[in-house]
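First comes the structure, then the notes that go with it.
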Amino acid sequence: IQSIVHRGVNETAVDGMWVEPLGSVTSIMYATPNFSSKQNVVRVNTVVPGAKRAPGENPSAFGIECAIDELAQELGIDPLEMRLINYAEQDPHAKKAWSTRQLREAFAAGAEAFGWAKRSREPRSMRDGHQLIGWGVAAGTYPVRRAYGEAVVKLLADGSVEVESSSIDMGQGTYTILAQTAAETLGVPVEKVSVRLGDSHFARAGVTGGSRLAGVMTGAVYKAAGQALDELIGLALSDPRSPFHGLQANTLQVKGGRIASPRGDGPEFSIAELMRALGREKIEAKGDTVPASFTPEQRYDNYTTIAMALPHTEGDYSRHSWCAHFVEVRVDEDFGTVRVSRVVSALDSGRLYNPKLAESQWKGGIIMGIGQALLEEGIVDRRHGRIVNGNLADYMLPTNADIPDIQTISVGIPDPHSSALGGKGVGELGIVGVAPAIANAVFHATGK
5 IQSIVHRGVN ETAVDGMWVE PLGSVTSIMY ATPNFSSKQN VVRVNTVVPG
55 AKRAPGENPS AFGIECAIDE LAQELGIDPL EMRLINYAEQ DPHAKKAWST
105 RQLREAFAAG AEAFGWAKRS REPRSMRDGH QLIGWGVAAG TYPVRRAYGE
155 AVVKLLADGS VEVESSSIDM GQGTYTILAQ TAAETLGVPV EKVSVRLGDS
205 HFARAGVTGG SRLAGVMTGA VYKAAGQALD ELIGLALSDP RSPFHGLQAN
255 TLQVKGGRIA SPRGDGPEFS IAELMRALGR EKIEAKGDTV PASFTPEQRY
305 DNYTTIAMAL PHTEGDYSRH SWCAHFVEVR VDEDFGTVRV SRVVSALDSG
355 RLYNPKLAES QWKGGIIMGI GQALLEEGIV DRRHGRIVNG NLADYMLPTN
405 ADIPDIQTIS VGIPDPHSSA LGGKGVGELG IVGVAPAIAN AVFHATGK
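Read in order, the letters of the sequence shown are residues 5 to 452 in our numbering.
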């Protein structure tokens, strides 16, 4: 590809402003020496639009991923091969190296699991009775939106652990991953960790949005738990009341809630027993990932302004999550109805803090993408500019009957440039690229 030109238009209300960054994916997905992007915002007599999962990236991917398929069709090249031919080895827009980019691996793993090699090249050439079958592929990406956060970790006298932060859990699994992070760092069973969130009196945290919270807060909890562990071991070695008093540094470890020498020699005690011997009710530490150079004003802004998120191209790297979706559709030849019958998606979100939670979020995004492509539409009364189907009876959402077999594959590797523990964004990635994969599959099924 020698040049890419992207033109986009989005609507907003007469009395409000909404700008959807429609070229965000187009500018980085494929290598090209020449790129132009222009966007117009048009005021119309309707309500102000708002953000939906992966705002900007989601509609942008539809444009470029459908265009890639159209180009492949014109040239007689397999759509997957076309994407690999034009694979971007670095960020073509920022001219920086990727922090990690496992998109090539996602294409390979997804194609193998889907059986892409069996795809017939010609449109309208695969069928099952009166159903036309189409196979489509599309890629997606979402930037790593980094920010700062605080967490407090308390190691209590009974050996249990409390984690506190003002961040919130909207269902994405924050309670679980923060408990796991504290347990892993402190060497205690996860059942001994309780997490308290959503109280403004707790340690401060930024906005829960933009697929950023896991990377931000696991880093803060990891730092706080590490400080608490260092204090516990320091007291165990230095306090005369400790059964470990007088031992040399680096001679103790905590595992399974018990503290002992890693060599297995010498005494072994539970954390509760050691705390009792030390006469301590608790050990408390705060993990703060805000740079020490921040002024008080900058620290305040960090926790009150969503725009304080660090640019994903800050420094030497361009940081993104990546995905590749492979979709099978069945189109009824008589009625023209479209059903998605199979989805295989391979995704790179770096290190997964909890694979089950990641899979759930990925599948949720894929389901939303199916709804967006085939069912969902906000209908506006052109006479009065009002939404007329603002209810769950008239606004069509995917149900279990609409959802096919969905397989997700993680191809990510830890990314130390994106977060303290190597994870990248999960929540919004799954939807990006689903709609164009479906559109490309429909064309393959019908030739239209």
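Just so you know, even glycine gets a beta-carbon here, dropped at the ideal spot from N, CA and C.
On a predicted model such as this, the values are computed, not experimentally measured, just so you know.
Problem set entry | CB-CB length for P300 against V344, believed under 8 angstroms | Along the sequence shown, one-based indexing puts residue 300 at 296. Along the sequence shown, one-based indexing puts residue 344 at 340. That pair is no contact at about 52 angstroms.
For this session: Alpha carbon to alpha carbon, how far is S353 from R245? Give it in angstroms, no decimals.
Result: As a working note, residue 245 is residue 241 in the sequence shown. As a working note, residue 353 is residue 349 in the sequence shown. Rounded to the nearest angstrom, the two C-alpha atoms are 47 angstroms apart.
Exercise. Hey, G144 and A65 are a contact pair by Cβ (cut 8 angstroms); roughly how many whole angstroms apart?
Worked result: In the sequence shown, the residue the question calls residue 144 occupies position 140. In the sequence shown, the residue the question calls residue 65 occupies position 61. G144 to A65, Cβ: 5 angstroms. Contact.
Problem set entry | Opposing strand residues paired with S40 [DSSP bridges] | Indexing the sequence shown from 1 puts residue 40 at position 36. Beta-bridge pairing links S40 to V9.
Exercise. Going by alpha carbons, who is nearest to D305 out of Q376, V211, V23, E15?
Worked result: Taking the first residue of the sequence shown as 1, we reach residue 305 at position 301. Ranking the options by Cα distance to D305, first place goes to V211.
Exercise. How many Å lie between S423 and Q184 at the Cα?
Worked result: In the sequence shown, counting from the first residue as 1, residue 423 sits at position 419. In the sequence shown, counting from the first residue as 1, residue 184 sits at position 180. Each residue's Cα considered, the two are about 16 angstroms apart.
Exercise. Do you know offhand how far A449's Cα is from V51's?
Worked result: Taking the first residue of the sequence shown as position 1, residue 449 is located at position 445. Taking the first residue of the sequence shown as position 1, residue 51 is located at position 47. Their backbone Cα atoms lie some 36 angstroms apart in a straight line.
Exercise. Can you check whether the CB of K158 is closer than 7 angstroms to the CB of E285?
Worked result: As a working mapping, residue 285 is identified with position 281 in the sequence shown. As a working mapping, residue 158 is identified with position 154 in the sequence shown. No, Cβ-Cβ distance for E285 and K158 is not below 7 angstroms.
For this session: State the start and end residues of the unbroken alpha helix (DSSP H) segment that holds D73.
Result: For the purposes of this step, residue 73 is taken as residue 69 along the sequence shown, with counting starting at 1. Element bounds for D73: 61-79.
Exercise. In the DSSP assignment, what residue or residues form a beta bridge with S169?
Worked result: On the sequence shown, residue 169 is found 165 positions in, with the first residue counted as 1. Bridge partners of S169: L201.
For this session: Indicate whether the contact test is met: 3 or more Cβ pairs, each with one atom in the segment 14-33 and one in the segment 335-344, closer than 8 angstroms.
Result: no
Exercise. What alpha helix (DSSP H) runs, 4 residues minimum, are completely inside the segment 219-282?
Worked result: 275-282
Exercise. How is L136 classed by DSSP in three states: helix, strand or coil?
Worked result: Taking the first residue of the sequence shown as 1, we reach residue 136 at position 132. Looking at L136 - three-state DSSP - the assignment turns out to be strand.
Problem set entry | Neighbourhood of E74 by C-beta, 8 angstroms cutoff - its chain only, sequence neighbours within 5 removed | Along the sequence shown, one-based indexing puts residue 74 at 70. Closer than 8 angstroms at the Cβ level, and outside the excluded window around E74, lies no residue.
Problem set entry | Outcome for T293 when other beta-carbon atoms lying within 10 angstroms are tallied against a minimum of 16 | Stepping through the sequence shown from its first residue, residue 293 is reached at position 289. Result: buried.
For this session: Classify V392 as helix, strand or coil using the three-state DSSP reduction.
Result: Translated into positions along the sequence shown, residue 392 becomes position 388. In the structure shown, V392 sits in coil (DSSP, three-state: anything other than H, G, I, E or B).
Exercise. Does the distance from the C-beta atom of L282 to that of D234 stay below 7 angstroms?
Worked result: If you number the sequence shown from 1, residue 282 lands on position 278. If you number the sequence shown from 1, residue 234 lands on position 230. In this structure, D234 does not lie closer than 7 angstroms to L282 by Cβ.
Problem set entry | Residue range of the unbroken alpha helix (DSSP H) whose run includes L190 | As a position in the sequence shown, residue 190 is number 186, starting the count at 1. 178-190 is the extent of the alpha helix (DSSP H) around L190.
Problem set entry | Cβ pair T189, G230 closer than 7 angstroms | As a first step, residue 189 must be located in the sequence shown, where it is residue number 185. As a first step, residue 230 must be located in the sequence shown, where it is residue number 226. Yes. Within cutoff.
Exercise. Quick one: what does DSSP say N404 is sitting in, helix, strand or coil?
Worked result: Along the sequence shown, read from residue 1 onward, the residue named residue 404 stands at position 400. Helix.
For this session: For I417, count neighbouring C-beta atoms within 10 Å of its own C-beta (all shown protein chains included) and say buried if the count is 16 or more, exposed if not.
Result: Position 413 of the sequence shown, counting from 1, holds the residue named residue 417. Counting Cβ neighbours within 10 Å, I417 comes out exposed, since fewer than 16 surround it.
For this session: Please report the Cβ distance between N358 and G177, rounded to the nearest whole angstrom; I am assuming they are in contact, meaning their Cβ atoms lie under 8 angstroms.
Result: Here residue 358 corresponds to residue number 354 of the sequence shown, with the count starting at 1. Here residue 177 corresponds to residue number 173 of the sequence shown, with the count starting at 1. The pair is a contact, with the Cβ atoms about 6 angstroms apart (cut-off 8 angstroms).
Exercise. Count the other CB atoms within 10 Å of the CB of R105; is the residue buried (16 or more) or exposed (fewer)?
Worked result: Locating residue 105 in the sequence shown gives position 101, where the first residue counts as 1. The residue is buried, with at least 16 neighbouring Cβ atoms inside 10 Å.
Exercise. Between the Cα of Y399 and the Cα atoms of E381, P247, V347, which residue gives the shortest distance?
Worked result: Numbered from its first residue, the sequence shown carries residue 399 at position 395. With distances taken between Cα atoms, Y399 lies closest to E381.
Problem set entry | Bridge-paired residues (DSSP) for A101 | Sequence index remark: in the sequence shown, residue 101 carries index 97 (1-based). Beta-bridge pairing links A101 to Y321.
Problem set entry | Close-in-space but distant-in-sequence residues of the same chain around A110 (CB under 7 angstroms, 5 per side omitted) | Mapped onto the sequence shown, residue 110 falls at position 106. Answer for A110: W326, C327, A328, A350, L351, D352, V415, listed in chain order.
Problem set entry | Straight-line Cα distance separating D162 from M279 | Locating residue 279 in the sequence shown gives position 275, where the first residue counts as 1. Locating residue 162 in the sequence shown gives position 158, where the first residue counts as 1. Straight-line Cα distance between these residues: approximately 8 angstroms.
Problem set entry | Span of the beta strand (DSSP E), counted from its first residue to its last, around A155 | Taking the sequence shown and counting its residues from 1, the one referred to as residue 155 is at position 151. Residues 154-160.
Exercise. Grouping DSSP H, G and I as helix and E and B as strand, with all else coil, what is N306?
Worked result: Your numbering for residue 306 matches position 302 in the sequence shown. Looking at N306 - three-state DSSP - the assignment turns out to be helix.
Exercise. Got a sec, what are the start and stop residues for the beta strand (DSSP E) T412 sits in?
Worked result: Residue mapping note: residue 412 aligns to position 408 of the sequence shown, counting from 1. 409-414 is the span of the beta strand (DSSP E), which, as asked, contains T412.
For this session: Determine which residues share a DSSP beta bridge with N14 and list them.
Result: Here residue 14 refers to the residue found at position 10 when the sequence shown is read from its first residue. Answer is V45, bridged to N14.
Exercise. At what residues does the alpha helix (DSSP H) containing V446 begin and finish?
Worked result: Within the sequence shown, the letter at position 442 stands for residue 446. 438-450 is the extent of the alpha helix (DSSP H) around V446.
Problem set entry | DSSP three-state assignment for R108, whether helix, strand or coil | Within the sequence shown, numbered from 1, the residue matching residue 108 stands at position 104. Helix at R108.
For this session: Please classify I371: does DSSP put it in a helix, a strand, or coil?
Result: As a working note, residue 371 is residue 367 in the sequence shown. The answer is helix: DSSP assigns I371 an H, G or I state.
For this session: Starting from E380, trace the alpha helix (DSSP H) both ways and give me its first and last residue.
Result: Position 376 of the sequence shown, counted from the first residue, corresponds to residue 380. Counting along the chain, E380 falls outside any alpha helix (DSSP H), and DSSP gives it neither H nor E.
Problem set entry | Unbroken beta strand (DSSP E) run spanning L351, endpoints | Counting from one through the sequence shown, the residue named residue 351 turns up at place 347. First-last of the beta strand (DSSP E) with L351: 342-352.
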